[in-house]
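J.: Right, I'll just put the structure down here and ask away after.
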Amino acid sequence: MENKAVRSCLLVFVAIVLLAGTFALGFGAASVIPKNPIREALGYDTCPTVAPTGAPDAPQGTNGSVCLDYTSASTPEELKTLFDPFWESWKLLHQNFVDQPLDDVALMRGAIQGMLAATGDKHTSYMDPQQFKQANTEMSGEYTGIGAWVDTTGDYVEIISPMKGSPAEAAGLKAKDLVIAINGESMAGIPGDLVLKRILGPAGDTIVLTIQRGEQTFDVSITRAVIQIPVVEYEMRADGIGYIELATFNELATEKLRAALKDLLKQKPKGIIFDLRGNGGGYLVTAVEVTSEFLKDGVVLYEEYGDGTRDSYPVKKGGLATDIPLVVLIDKGSASASEITAGALQDYGRAKLVGVTSYGKGSVQNWIALKSEEGGVRITIARWLTPNGHQIDGIGLTPDLVVEYTQEDHDAGRDPQLEAAVKLLLNGLP
57 MENKAVRSCL LVFVAIVLLA GTFALGFGAA SVIPKNPIRE ALGYDTCPTV
107 APTGAPDAPQ GTNGSVCLDY TSASTPEELK TLFDPFWESW KLLHQNFVDQ
157 PLDDVALMRG AIQGMLAATG DKHTSYMDPQ QFKQANTEMS GEYTGIGAWV
207 DTTGDYVEII SPMKGSPAEA AGLKAKDLVI AINGESMAGI PGDLVLKRIL
257 GPAGDTIVLT IQRGEQTFDV SITRAVIQIP VVEYEMRADG IGYIELATFN
307 ELATEKLRAA LKDLLKQKPK GIIFDLRGNG GGYLVTAVEV TSEFLKDGVV
357 LYEEYGDGTR DSYPVKKGGL ATDIPLVVLI DKGSASASEI TAGALQDYGR
407 AKLVGVTSYG KGSVQNWIAL KSEEGGVRIT IARWLTPNGH QIDGIGLTPD
457 LVVEYTQEDH DAGRDPQLEA AVKLLLNGLP
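Quick note: the sequence shown uses our numbering, first residue 57, plus one each step.
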C-alpha cells in the first residue's frame, strides 16, 4: 500500500536501517489540522474525526468534518520581514568566510536541520537524499549493516534491539546500549543520522563500536552483513499452544501474520502467544491492521494533535483471532507500533501482557520527500493514546505479569517470559 510509506510511528526508532516516513512542509496556525492520508488508506473518513473550527465553505470529509490544509499565520510581507535576518546572514557568510567558495547545498541542508531541531522535539528531523533513499528501501527489503533497531535522536545512537540472527545479536548488543565511539573516534556531538551512516557499510567489513551500558564502557567488533529484515516466525508447540513472533510492522507484516494465524487456527490451539519482544515498530497502518486481527470492534488508538483535537483509528472488521485466548510478550525493545498493538489489547482485556516495561514511544511522525530529490523531512504531528486514553511516551506499557529475562537465562537456554505465558494459557487466563 503506497500510503504506508507516508507515515510511520517509527521511533525513531529507526532501524540501522530505518528512517522512513513523510511530512508536508508549511506554516500552520495552531488550530489547523492537515488531511490524514493514513485514515484515508485505512478506509476511514479523510479528515480528523474531531474537526477544528473552519470556514463554512471548506471541503467536507465523509463524516462531516472540515478538511483544512496548512495555512500561514503570517502575511507574505510579514514572512519576508521574518526571514530578512536569515538572508542577511547568508550574504555576510558568503562575503566574509575565510574558505571560499562555500557549498550552498550543504548550507541549505544545515539550515533545514537547524530549523527542525529548534522545535526541541528529537523526532522532528531532516534526512539528506542518501539517508532518505535508505529509509524507503530498507523497511521492506534488505540492507547491509549490523542488524539492529536504533534510536538516532538522542545525544548518542541508542540500540533499541538487535535483530534476531544478526551480527548485532551475535556481538551481544542489548536494548539501551549507547554507541559512544566508532573505530576509536568519539561520537560526542555528532548528529545521530551521521553516526548511522558510519555504522552502515559494505558487507564483510568490520567495525568497532564503543558501547556504554550503564556504568560500563567496552568495545565490540562487528562484521557487517546483508541483513534480511525478519517479519513472522510461528509454530504449533507440543503443548497445544500456538506461538507467533512478529519482528517488525513493515508492509509485509499483515499478510504474513494472517497466513500464520490461518495455519495455526486450523490446528485448533488452546491459545496463542504473540511475541513482540524486540519489535521496534514500523508503519501505523500496519499497527492498526495487526491489532484488528485480535479485536472484534473498538478503537485501536487515538492521535491527539497540538490543539487537543483527536483522530480515532477504529478496529478493521474481519480479524481472524478475535476469541482465542491470547498472551502478548513485551520487553524494553518493544516500541512504537508494538506498543500500539499491545496497549490496545491490554486496555480491552483481550490479552495479558507478560514481560517487562516497554520502550515508551508514543508519538507519530509524518515524513515526506522534498522536491528535487533533496531528501526528506520528519515532523512529529501528534501523540498517540491507547483506547483508554493513556499516553505512554517516555513511560511505556506495564505488563500484567512482570517477568525478567536475564543474560543468565539466555546463556542457559531458558526463556522465563515464554514459560510464564504458556503457564497462563494452560491454566486458563484469569
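Glycine included, every Cβ here is placed at the ideal spot set by N, Cα and C.
Of all the beta strand (DSSP E) runs that stay within the bounds of the region 294-334, which reach a length of 3 or more residues?
T.: 297-302, 327-331
J.: Count the other CB atoms within 10 Å of the CB of Phe274; is the residue buried (16 or more) or exposed (fewer)?
T.: Numbered from its first residue, the sequence shown carries residue 274 at position 218. Classification of Phe274: exposed, given that the 10 Å Cβ count is below 16.
J.: Quick one: any contact between the region 269-284 and the region 299-313, if contact means 3 or more CB pairs under 8 Å?
T.: no
J.: Give the DSSP-derived three-state secondary structure of Arg165 in the structure shown.
T.: One-based indexing of the sequence shown puts residue 165 at position 109. Residue state, collapsed to three classes: helix.
J.: Sort out for me which residues DSSP pairs Tyr369 with in a bridge.
T.: As a position in the sequence shown, residue 369 is number 313, starting the count at 1. According to DSSP, which records beta bridges pairwise, Tyr369 is partnered with Leu357.
J.: In chain order, what are the residue ranges of uninterrupted alpha helix (DSSP H) at least 4 long that sit wholly in the region 214-277?
T.: 223-226, 248-255
J.: In the DSSP assignment, find the unbroken beta strand (DSSP E) run with Ser419 in it and report its ends.
T.: Here residue 419 is taken as the residue at index 363 of the sequence shown, counted from 1. Unbroken beta strand (DSSP E) run through Ser419: 419-425.
J.: Comparing alpha-carbon positions, which option in Ala204, Asp140, Gly399 lies nearest Ala303?
T.: For the purposes of this step, residue 303 is taken as residue 247 along the sequence shown, with counting starting at 1. Nearest option by C-alpha distance: Ala204.
J.: Rounded to a whole number of angstroms, what is the C-alpha to C-alpha distance between Ile216 and Trp143?
T.: Start at 1 with the first residue of the sequence shown, and residue 216 comes out as number 160. Start at 1 with the first residue of the sequence shown, and residue 143 comes out as number 87. Those two C-alpha atoms are separated by around 40 Å.
J.: With C-beta atoms as the reference, is Asn239 less than 7 Å away from Val264?
T.: As a working mapping, residue 239 is identified with position 183 in the sequence shown. As a working mapping, residue 264 is identified with position 208 in the sequence shown. A contact, by the Cβ cut-off of 7 Å.
J.: What residue range is occupied by the uninterrupted alpha helix (DSSP H) comprising Ala393?
T.: Here residue 393 refers to the residue found at position 337 when the sequence shown is read from its first residue. Per DSSP, Ala393 belongs to the alpha helix (DSSP H) from 393-403.
J.: Hey, how far is the Cα of Gln463 from the Cα of Lys230?
T.: In the sequence shown, residue 463 corresponds to position 407, counting from 1. In the sequence shown, residue 230 corresponds to position 174, counting from 1. Cα-Cα distance, rounded: 10 Å.
J.: With DSSP collapsed to three states, give me the class of Asp160.
T.: Mapped onto the sequence shown, residue 160 falls at position 104. Three-state DSSP puts Asp160 in a helix.
J.: Taking buried to mean at least 16 other C-beta atoms within 10 Å of its own C-beta, is Lys492 buried or exposed?
T.: For the chain, the structure presents residues 57 to 486; residue 492 sits outside this window and is missing.
J.: Cα-Cα, which of Glu360, Gly375, Lys136 is closest to Ser368?
T.: For this step, residue 368 is matched to residue 312 along the sequence shown. Measuring from the Cα of Ser368, the nearest candidate turns out to be Glu360.
J.: Considering only their Cβ atoms, is the gap separating Thr454 from Thr397 smaller than 7 Å?
T.: By 1-based counting over the sequence shown, the position of residue 397 is 341. By 1-based counting over the sequence shown, the position of residue 454 is 398. It is not a contact, given that the beta carbons lie outside the stated cut-off.
J.: Quick one, which of Ser428, Val383, Asp261 has its alpha-carbon nearest Lys326's?
T.: The residue labelled residue 326 in the question sits at position 270 within the sequence shown. Of Ser428, Val383, Asp261, the residue nearest in Cα terms is Val383.
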